[in-house]
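Visitor:
Numbering (my numbering), first residue to last: 1 to 300.
1. Can you name, in chain order, every residue of its own chain whose Cβ lies under 6 Å from the Cβ of residue 155, other than the five neighbours on each side?
2. From this set, 196, 128 and 157, which residue's C-alpha is nearest residue 134's C-alpha?
3. Would a C-beta distance cut-off of 8 Å place residue 166 and residue 137 closer than the cut-off?
4. Would you kindly report the start and end of the unbroken beta strand (DSSP E) that includes residue 84?
5. Using alpha carbons as the reference points, say which of 62, 122 and 216 lies closest to residue 149.
6. Sorted by chain position, which residues of the same chain lie with C-beta nearer than 8 Å to residue 205's C-beta, five sequence neighbours on each side aside?
7. Going along the chain, which residues of its own chain have a beta-carbon closer than 7 Å to the beta-carbon of residue 259, five neighbours each way excluded?
8. Would you kindly report the start and end of the unbroken beta strand (DSSP E) that includes residue 51?
9. Let me know the secondary structure DSSP gives residue 180 once reduced to three states.
10. Would you mind giving the Cβ-Cβ distance between residue 51 and residue 249, rounded to the nearest angstrom? I have them listed as a contact below 8 Å.
11. Using the Cα positions of residue 237 and residue 47, report the straight-line distance between them to the nearest angstrom.
12. Leaving out the 5 sequence neighbours to the left and right, which residues in its chain are closer than 7 Å to residue 159 when beta-carbon positions are compared?
13. In three-state DSSP terms, what is residue 133?
14. Given a cut-off of 8 Å on the beta-carbon distance, is the pair residue 184 and residue 139 in contact?
15. Taking 8 Å as the threshold (C-beta atoms), are residue 79 and residue 90 in contact?
16. For the putative contact between residue 55 and residue 69, defined by C-beta atoms under 8 Å, what is the C-beta separation to the nearest angstrom?
17. Between the Cα of residue 87 and those of 98, 94 and 77, spot the shortest distance and give me the residue it belongs to.
18. Note down, in chain order, each residue of its chain lying with its Cβ closer than 6 Å to the Cβ of residue 199, except the 5 sequence neighbours on either side.
19. Using alpha carbons as the reference points, say which of 190, 244 and 117 lies closest to residue 132.
20. Let me confirm a value: residue 63 is counted as buried when at least 16 other C-beta atoms fall within 10 Å, else exposed. Which label applies?
21. Hey, does residue 211 have any beta-carbon neighbour from chain B nearer than 8 Å?
22. Can you give the Cα-Cα distance for residue 61 and residue 177, rounded to whole angstroms?
23. For residue 75, collect the residues of the same chain with a Cβ closer than 6 Å to its Cβ; drop the 5 residues on either side in sequence, then sort them by chain order.
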């Protein structure tokens, strides 16, 4: 006899046992994921270590198949987030750890420094729930939730800097807000920028993506290096930088040299062997360092 809610109602058991069995049955079935666009026309999503292409996640140390292509995705080491309309899936070590209801259709998701999901008119933070902040960008740190609106930078319910900012980036030590100029917290330091910042990551140095390419700056904004190119997105695992060029994954060292093709090829070969029907690894781009660049002289 199959175990269904109807058959449970017909079983004579001690009080409370049927309800317990019914709860177990319901929790064993994951929430349905709403249908999303055909994976064939879904643009790849850049994450730490690799890409999400349709339902497949193929990144350094992480290879899995999702129930549907996500609207947004993010990764921080062993933690991977996939955001769908009204649902957030949280994976750890490649296995689903939790599924959380969301208050709408997500517009962005962040895994670093701590998980956060953005919507058109609010934010969602696991453990905290829904925050009614209409944010253009946001991130969560130990100090609270930093978020941007049309008038400036906020920390939770406090306005901490007036101005027009479009992007946030953070490390364990600093939070950066980028607009016509950069602003660093908590020391309120103005950071000169090489152009309009499209993406940024903060390590021992500050890496910013502009329309011209990827710039390596000191944490105070001094220019240390540059790699020209039409890139899209910027992620890091602390050892390498990851970006897209014409939809193809590019892996760079922290001095902006191209990483070893053997390393990339080895990782994608594992992904290729693991997933039936995946006939080729993610293509990568080979870039040549600029002759005489100072990047080849002073960086790891």
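Glycine included, C-beta positions come from ideal geometry on N, C-alpha and C.
Guide: Straight from the coordinates:
1. Apart from the 5 residues on each side of it in sequence, residue 155 sits with its Cβ closer than 6 Å to the Cβ of 144 and 146 in its chain, given in chain order.
2. Comparing alpha-carbon positions, the option among 196, 128 and 157 lying closest to residue 134 turns out to be 157.
3. Annotated as proximal: residue 166 and residue 137, with beta-carbon spacing under 8 Å.
4. Unbroken beta strand (DSSP E) run through residue 84: 79-84.
5. Residue 122 holds the alpha-carbon nearest to the alpha-carbon of residue 149 among 62, 122 and 216.
6. Result list for residue 205: 216, 217, 218, 219, 224 and 254, in chain order.
7. Here residue 259 has 240, 251, 252 and 253 as same chain residues with Cβ atoms under 7 Å from its own Cβ, once five neighbours each way along the sequence are excluded.
8. Element bounds for residue 51: 50-53.
9. Note: residue 180 maps to coil in three-state DSSP.
10. Confirmed, about 6 Å.
11. CA-CA distance, residue 237 to residue 47, rounds to 9 Å.
12. Within the same chain, residue 159 has close Cβ partners 152.
13. Three-state DSSP puts residue 133 in coil, outside helix and strand.
14. In this structure, residue 184 sits away from residue 139, with a CB-CB distance that is not shorter than 8 Å.
15. Yes, Cβ-Cβ distance for residue 90 and residue 79 is below 8 Å.
16. With 8 Å as the limit, residue 55 and residue 69 qualify as a contact, their Cβ atoms being about 6 Å apart.
17. Closest by alpha carbon: 98.
18. Contacts found: 209, 233 and 234.
19. Considering only alpha carbons, the answer is 117.
20. So residue 63 counts as buried.
21. Looking for chain B here will not work: only one protein chain is present.
22. Rounded to the nearest angstrom, the two C-alpha atoms are 31 Å apart.
23. In chain order, 47, 48 and 111 place their CB closer than 6 Å to the CB of residue 75, counting only its own chain and leaving out the 5 sequence neighbours on each side.
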